[in-house]
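**Student:**
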Amino acid sequence: MNSRRRALMGLWAAAVSPGVVWAAQRASLADPLRFAADDALVDSGLAAALQRGFGRDTGVAIQLLRGPASTLLAALARGEHDVALANAPQVEADLAQQGLIHDIRPFASTDFVLTGPTALAKALAAESDASLALARLAQAQAPFITLADGSGTHLAEQALWRSAKVAPAAPWYTAATPGSSLLAQARAAKACTLVERGVWAAAGAGKGYGVLVAGDPRMAVDVRVMRSFHAKHPGGTLFADWITGPHGRRVLASLRAYRAAKS
């Protein structure tokens with residue numbers, strides 16, 4: 376262990392109970408802290424940055440597990456994960472009401488953006504109105520690719536279609552191929568899609584492909600950290616404290632697509 380890491384761990388241990396840190400370190404040697412995050416929060420780079428920062432500051436081994444928010448949160452409720460970072464507020468609220476997850480803490484806020492061939496922007500003329508844009512896309516039957524997987528992105532997209540009073544359907548509305556980047560598939564097919572801003576920022580714009588609609592308040596989403604009632608890893612509370620404290624906020628500040636959650 377180098378001197379810088381020892382110093383960081385010392386500062387962190389001084390801020391919390393040393394016994395808590397050491398217990399979490401010991402437990403993680405045989406059983407790493409299981410940290411689940413929605414796919415978008417992994418693809419944006421946020422989850423991996425938090426994994427590195429927490430491990431560096433505390434010495435606790437942490438395993439990052441990715442997947443759609445709905446699937447990960449169901450596993451968290453069963454005690455298969457210790458902590459989760461999610462962007463699916465309604466699913467989180469439902470599980471909390473059932474007493475299956477707890478200690479839900481606001482961490483960050485971000486939003487989704489509607490992307491597609493830039494040639495569509497003038498025809499849509501929707502500016503920041505997502506409902507208007509989706510209604511016009513449906514009317515034109517412009518190709519649209521959806522995740523259809525219960526992720527935070529998919530749930531947000533479905534809510535936007537409902538607000539537009541549109542029931543999207545084939546042949547112009549199709550599901551993404553699992554295991555491949557949604558954004559890459561949409562670009563290749565010259566199709567529209569909805570992505571989290573962090574994913575867009577990490578991937579960057581492509582020739583003839585860009586953001587068509589952004590800034591609609593209905594596209595905003597909160598990112599929260601939460602724990603399972605059925606998982607007792609001593610690193611769980613430590614991680615929640617770390618991520619919502621100054622150390623986690625510093626990691627967040629390094630990623631321009633996210634803002635710290637309001638207290």
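For the sequence shown, counting from 1, position 21 maps to 396 in this note's numbering; every step adds exactly one.
Cβ coordinates follow ideal geometry from the N, Cα and C atoms, glycine included.
1) Tell me the DSSP secondary structure of residue 608 in three-state form.
2) Report the three-state DSSP secondary structure of residue 477 (helix, strand or coil).
3) Can you tell me whether residue 472 is buried or exposed? The criterion is at least 16 other CB atoms within 10 Å of its CB, across all chains shown.
4) Determine the extent of the beta strand (DSSP E) in which residue 516 is found, giving its start and end residues.
5) Quick one: what does DSSP say residue 445 is sitting in, helix, strand or coil?
6) Measuring only the C-alpha atoms, how far is residue 575 from residue 455?
7) Once the 5 residues before and after residue 426 are set aside, which same chain residues still bring their CB inside 8 Å of it?
8) On the premise that residue 615 lies in contact with residue 458, defined as a C-beta separation below 8 Å, what is that separation, rounded to the nearest angstrom?
9) Look at the alpha carbon of residue 506 and the alpha carbon of residue 538, and state the distance between them as a whole number of angstroms.
10) On the DSSP bridge assignment, give the partners of residue 437 in chain order.
11) Nearest-angstrom Cα distance between residue 609 and residue 494?
12) On the criterion of 16 or more Cβ atoms from any shown chain inside 10 Å, does residue 553 qualify as buried, or is it exposed?
13) Return the Cβ separation of residue 571 and residue 419 in integer angstroms, given the expectation that the two are a contact with Cβ distance under 8 Å.
14) Assuming residue 617 contacts residue 432 under a Cβ cut-off of 8 Å, what Cβ separation, rounded to an integer in Å, is found between them?
15) Between the C-alpha atoms of residue 627 and residue 462, what's the straight-line distance to the nearest angstrom?
16) Do residue 588 and residue 489 have their CB atoms nearer than 9 Å?
17) Have a look at residue 424 and residue 408 and give me their C-alpha separation to the nearest angstrom.
18) Could you say which of 566, 524, 607 and 528 lies nearest to residue 464 if we only look at CA atoms?
19) Could you compute how far the alpha carbon of residue 620 sits from the alpha carbon of residue 603?
20) Thinking just about the alpha-carbon of each residue, which of 441, 536 and 561 is nearest to the one in residue 580?
21) Use the C-beta contact count for residue 422: other C-beta atoms within 10 angstroms, 16 or more gives buried, fewer gives exposed.
22) For the candidate residues 481, 566 and 415, whose alpha-carbon lies nearest to that of residue 513?
23) For a test of the three-state rule: what should DSSP assign to residue 603, helix, strand or coil?
24) Given a threshold of 16 other Cβ atoms within 10 Å of its Cβ, counted over all protein chains shown, does residue 492 qualify as buried or as exposed?
25) On the three-state DSSP scale, how would you describe residue 558?
26) Could you tell me the boundaries of the beta strand (DSSP E) in which residue 586 lies?
27) Check residue 381 in the structure and name its three-state DSSP category.
28) Can you tell me where the alpha helix (DSSP H) with residue 528 in it begins and where it stops?
**Tutor:** According to the structure shown:
1) If DSSP states are grouped into helix, strand and coil, residue 608 belongs with coil.
2) Strand.
3) With fewer than 16 other Cβ atoms inside 10 Å of its own Cβ, residue 472 counts as exposed.
4) Where residue 516 is concerned, there is no enclosing beta strand (DSSP E), given that its DSSP letter is neither H nor E.
5) If DSSP states are grouped into helix, strand and coil, residue 445 belongs with the helices.
6) Rounded to the nearest angstrom, the gap between the Cα atoms of residue 575 and residue 455 is 30 Å.
7) Cβ neighbours of residue 426 beyond the five flanking positions: 410, 437 and 439.
8) The pair is a contact, with the Cβ atoms about 6 Å apart (cut-off 8 Å).
9) Rounded to whole angstroms, residue 506 to residue 538 spans 6 Å at the Cα level.
10) The partner list for residue 437 (beta bridge, DSSP) reads 408.
11) Looking at the two C-alpha atoms, the distance is approximately 53 Å.
12) Around the Cβ of residue 553, a 10 Å sphere holds fewer than 16 other Cβ atoms; the residue is exposed.
13) Rounded, the Cβ-Cβ distance is 6 Å, consistent with contact.
14) Correct: roughly 7 Å between the Cβ atoms.
15) Straight through space, the alpha carbons of residue 462 and residue 627 are spaced by roughly 15 Å.
16) Yes, they are a contact pair.
17) Taking the straight line from one Cα to the other gives about 15 Å.
18) Nearest C-alpha to residue 464: 528.
19) Pairing residue 620 with residue 603, the inter-Cα distance amounts to about 20 Å.
20) Ranking 441, 536 and 561 by Cα distance to residue 580 puts 561 first.
21) It is buried - the Cβ of residue 422 has at least 16 other Cβ atoms within 10 Å.
22) Measuring from the Cα of residue 513, the nearest candidate turns out to be 566.
23) Reduced to three states, the DSSP call for residue 603 is strand.
24) By the neighbour-count rule (16 or more Cβ atoms within 10 Å), residue 492 is buried.
25) Three-state DSSP puts residue 558 in a helix.
26) Secondary structure note for residue 586: its beta strand (DSSP E) is the uninterrupted segment 584 to 588.
27) Summary for residue 381: the model assigns pLDDT 44, below 50, so the residue's position carries little reliability, and this model does not support an answer.
28) In the DSSP assignment, residue 528 falls within the unbroken alpha helix (DSSP H) covering 527 to 538.
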